[in-house]
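Data first, discussion second: the structure below is written as structure tokens.
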Amino acid sequence: MSVTLGATATMPGAKTAIDINGVAYEAVMGIECHVELKTETKMFCGCRNIFGAEPNTNVCPVCLGMPGALPVPNRRAIELLVMAGLAFSAEIPAFSKFDRKNYFYPDMPKDYQISQFDTPLTQGGVVPFWLPDGTQGTCRLTRIHLEEDTGKSTHASRDGRIAGSTHSLVDFNRAGVPLMECVGEPDIRSGAEAVAYLEALKRTFVALGVSDVKMEEGSLRCDVNLSLRPIGQAEYGTKAEIKNMNSFNSVARAIESEIARQADIIRSGGRVEQETRGWDEAAGETHAMRSKEKAHDYRYFPDPDLPPIEFAESDVTRLRGMLGVSPQVRLDRMIGVEKLSIVQAHNIVDKLGLADYYDAVVAAGAKPQAAVNLVLGDLSRLANETGTPVSTSALRPSRLVELIAAVDAGTINSKTQKTLVERFYTTDAAEIPLTKIIVDEGLGQVSDSGAIDSIVAEVLAANEKTAGEYRSGKVKVMGFLVGQVMKQSRGKANPALAEERLRAALGEPEGAA
Amino acid sequence: MASGEIDVAYVAKLARLALTPAEVERFGAQLGALLVHVDELAKLPVDDVAATAQVIPQSNVMRDDIVRPSLDRETVLVGAPRREGSYFRVPRIIGEDA
Amino acid sequence: MNSIDATATEIARAVNARETSAVELADAMHARIGERDGAVGAYLSETSELAREYAKRVDARVAAGERLPLAGVPLAIKDNMCVAGTVTTCASKILEHWISPYTATAVARLLDAGAIPLGKTNMDEFAMGSSCENSALRKTANPWDLGRVPGGSSGGSVAAVAAGEATIALGSDTGGSIREPAAFCGVVGFKPTYGRVSRYGLIAFASSLDQIGPISKTVEDSALVYDVMAGLDPMDATSVDRPVEATATTLREDLRGVRVGIVDEFALDKLDADIRAVYEAAYADLVRLGATLVPVKLPTADYGVATYYLIAPAECSSNLARFDGMRYGLRVEGADVGATYEATRAAGFGDEVKRRILIGTYALSSGFYDAYYVRAQKARTLIAADFAKAFADCDVIACPSASTPAFEFDAKSDPFSMYLMDYYTIPMSLAGLPSLSVPCGYATPAGAAGPMPLGLELSAPLFAERALLGIAHAYERGTMHASKQSIPAIPSSATVGAR
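Protein chains in written order, with the numbering used here: chain A, 1 to 513; chain B, 1001 to 1098; chain C, 2001 to 2499.
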């Protein structure tokens, strides 16, 4: 679902109709994400929830499914999930319970997964997102529910895949890690929307501290259900489920590849099979997974080991109060009100700490464009060079506002500003006003025509040959001459005034109209 | 309610129990007899009755997110039917759904 | 009375007073087990070294001035409770050699209070059965008649206490597994309110029904054990966060003012005449001791067995999925994972376990869930509501613990006839009520070596353990049935043998 903002230019291509034998088709996608929650401990036991530990070291009777062990839910995990839902305007039902999903798998210790069947912790909600072309989209959430992760199997075969393996090795460190499953409605129409949706989820989860959302570490996994249908048709086509994408980029590629595959089938008169397909990154295509899609009988029933969760309105209010500013609200403001570009706004919001800094600078009175240029430019460069994040640098937002104002007022030039930004980034006596520093250190911009004219005269005298070139029509040497004036003034001359006085001194070049 | 018929072979597959044909027949008869008794429940008027999943009503039993000691790896692996180094070794998995 | 035949209350007093030592008691008790257990078969394993270690610790603590509620009391533990470092089998081949790396909360509390772990006792496999005959590992005999079953599933624990091979024992009760064998062996068996005693470390059969409870020679001893192990456990989310009222110190001596409910639906005319006479006498004793009998109705009680045999197997089918040969226990290797699961579980589970897994899987499966599982849960609501109504008119409900005394081995080859053994105990389990069996007399069935004990089941409202134990104690003191007969001498040469 996309709407075009009147003010923003639209770029075609994000969701072009697919022509199949003269009929315009569209792709319809629903995305299910599994997101590992960033807690200290697992969902139902006190073992550490960390990635990359030595195999089978963060395990106990509970997460190994040993006889007699019992689960006790992690309050933090439940609260994080509810906050994630609230961030997307989901409803928090008053009653929620855990159910057992029964099926056998070697990396699932109890041979049932504690999950939620018909009473998820959150219901509904909407994820808004901006597309690179300036359009805005939304995807409705069906629900977010809580479950436990499985262990990790390594398949002993040449390519690590199940096919052809002789046996598997299992590490249960991940078993029991809290996992939230975000089920999206089939509102997505293109790979670009899919990626924008996933980035919107990630941005919010990271900002809330709900998850690291690292696809490469498996803390975000997503499955895409994709089908094609003629535009205007209400019912959905037969869908395929695509799995095994390990980056947002591969999600986009897998979708494009799967759309092409299904379109080819329909084009040649075939029927799309309902099946699960794995994305093969190297081959750049999806392939049917070994197992045939068969009806599972998971025998869900309420877990008798776990009393239900009942949220009072006061609990929800308390958690809502912990949300802070939503990245989406910030994006909307930056793009809609402060008129930053889509790329600038996302760059600011997606780098943790920059958005707060930027907001503080703008709140203290700086112009958004000047603020974003400095934050994404010099400040981000300095953060990289010094290893000190912008948020903890010595350069306070109030000082940056002074620096921006000083340039705007012509008190200093931008070169001086840059020098001072670099200096203040590491050390700044914040209590000394900038005006005093400028006066004390003689950093003020020279905007006095008389003073500049005398430097101009010196420069032209020393560069007679260049002056001649200008007069004979080679006007691009002006840059060099301005540079010489700046150098003579030790950087303090007003560059615009310097150029103006040089032009006056040199007269009209030949060939000018 | 269903009558005293039970597809023992299908249910055994779900439950991952290998049964001999003789067992399928014997268990089928025994469980059929139980189902006949169980079908008596159809006589109870339960339409407007809430289901009891837990007999003592409790809610919001949770623990704080605090680390507790895990088990020593050797203790865990020494009881494994088969291990390989630091891992549990399990037989070949065929397909997504073992 | 020899000190190892004393009650837990007497032993704890004597050990705390340093009149005897825990080490002496442990050694004497292991010698006793050595003499008698060949014939009785109560134990699957003895934990002699652990017992000595704990006994020494208890003696040291007492010497240092501590007073322990269970100082030196010899304890038998049903083999479905985990004790770190010991083999914990559930009397199943699938766990025959499994060593638990942790200890059940209830056990840990008793050990911390000074109890001495003698060993792990036999049971019906995974606690599924009413005779102990479903053990895959050993046969246990009733000490009153070695040709009869001890009852089940806590048959080993009950036989151990009855045979003097333990002072107290822990059992678990899902539908009657403490009360029915306690009745069969002439001892006290007590199932507390669901959620009162932590299930952490109790190998689950049916999670919403399982409850650990004490087995002892006297009501007072059961109260003593209950007081030590009851209460909230952060490791069990279903354990109840509610203060525990001490029971052992508030027992009563008479029944004046007590209203005892007699259930219409449990009319005694269903019983054989000699057994009926015992229960009629028991009800008369209640009146003699000051109680008033009040007729009450449990219209849904007859649906208990049907309800139970859907709910318990459904939960068990899921609880026992984890026994798959991957991480612990038996593995029978197949060509792939699926074949390994099926071969392992086929070889590892006995018939009764398989039957219950099958019926439970069926009750939860697609298309049958509402008709079976949900309907049973609704029936459970009605049963609990009937009890609540009945308790408006009475303080406890009295009824037989079982319809017969202990029967002979292999007497019940039809599974369903065995299920009916729990007719009187299942409704209370479904309602989560505290319920116990106390000896109430004897009957001599045809072919028995001598009189066989019978039990009176007393059940109270949720969390009314104090009232229940108090009333049971008054009845026990007022009748003294346990001292009217004693078990025949147990031949030390006999063996019931491994199965």
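Just so you know, even glycine gets a beta-carbon here, dropped at the ideal spot from N, CA and C.
Ranked by Cα distance from Phe-2190(C), the options Pro-2461(C), Ala-2277(C), Glu-2457(C), Pro-2488(C) are led by Glu-2457(C).
Contact annotation, Val-316(A) with Glu-338(A): C-beta distance approximately 31 angstroms; criterion of less than 8 angstroms not satisfied. Rounded to the nearest angstrom, the gap between the Cα atoms of Ala-2335(C) and Tyr-298(A) is 24 angstroms.
In this structure, Val-2073(C) sits near Ala-2012(C), with a CB-CB distance shorter than 7 angstroms. Assigned with DSSP and collapsed to three states, Val-72(A) falls in coil, not helix or strand. Counted as a single uninterrupted DSSP element, the beta strand (DSSP E) harbouring Thr-138(A) occupies residues 136-148.
A direct Cα-Cα distance of roughly 7 angstroms separates Pro-2491(C) from Ala-2039(C). By the C-beta criterion, the segment 24-44 of chain A is judged to be in contact with the segment 137-150 of chain A, since at least 3 inter-stretch pairs fall below 8 angstroms. In this structure, DSSP gives Val-2438(C) an extended state, which the three-state scheme calls strand.
Between the alpha carbons of Thr-204(A) and Glu-385(A) lies a distance of about 28 angstroms. In this structure the segment 229-238 of chain A does not lie against the segment 67-79 of chain A, because fewer than three pairs of beta carbons, one per stretch, are closer than 8 angstroms. When secondary structure is reduced to three states using DSSP, Cys-2316(C) falls in the helix class. Interface with chain A (7 angstroms Cβ-Cβ cutoff): Leu-2111(C) is excluded. At a cut-off of 7 angstroms between beta carbons, Ser-2459(C) makes no contact with chain B. Taking Leu-306(A) as reference, the option from Gly-365(A), Val-72(A), Cys-63(A) with the minimal CA-CA separation is Val-72(A). Using a Cβ-Cβ cut-off of 8 angstroms, Gly-2325(C) is close to Pro-1081 of chain B, given in chain order.
Identification of residues in the segment 330-342 of chain A having a C-beta nearer than 8 angstroms to some C-beta of chain B yields an empty set. Between Val-2225(C) and Val-2188(C), the gap from beta carbon to beta carbon reaches 7 angstroms or more. At a C-beta separation below 8 angstroms, Val-1011(B) has these neighbours in chain C: Leu-2358, Thr-2361, Tyr-2362, Ser-2365. Secondary structure at Phe-88(A): coil, using DSSP grouped into helix, strand and coil. The three-state secondary structure of Met-334(A), taken from DSSP, is helix. With its beta carbon at least 7 angstroms from every one in chain A, Ile-2212(C) lies outside the interface. For Asp-2112(C), the uninterrupted alpha helix (DSSP H) segment begins and ends at 2105-2112. Sequence-ordered contacts of the segment 301-312 of chain A with chain C read Phe-301, Pro-302, Asp-303, Pro-304, Asp-305, Leu-306, Pro-307 [C-beta pairs closer than 9 angstroms]. Straight-line measurement puts the Cα of Ile-2212(C) at about 10 angstroms from the Cα of Ala-2230(C).
Here DSSP, grouped into helix, strand and coil, assigns His-2097(C) to coil.
The three-state reading of DSSP puts Tyr-112(A) in strand, counting E and B together. As for any beta strand (DSSP E) of minimum length 3 sitting wholly inside the segment 2224-2306 of chain C, the runs are 2259-2263, 2292-2296, ordered along the chain. DSSP places Asp-171(A) in the uninterrupted beta strand (DSSP E) bounded by 167-171. Within a 10 Å sphere around the beta-carbon of Tyr-2303(C) sit 16 or more other beta-carbons, which makes this residue buried. Residue state for Leu-323(A) is assigned as coil, using DSSP reduced to three classes. About 24 angstroms separates the Cβ atoms of Ser-2208(C) and Gln-1030(B), ruling out a contact at the 8 angstroms cut-off. According to DSSP, residue pairing for Leu-220(A) in a beta bridge involves Val-35(A).
Using a Cβ-Cβ cut-off of 7 angstroms, Phe-104(A) is close to Ala-2321, Asp-2324, Tyr-2341 of chain C, given in chain order. Taking 7 angstroms as the threshold, the shortest C-beta distance from Pro-1091(B) to chain C falls below it. Annotated three-state conformation of Asp-2173(C) is strand, per DSSP.
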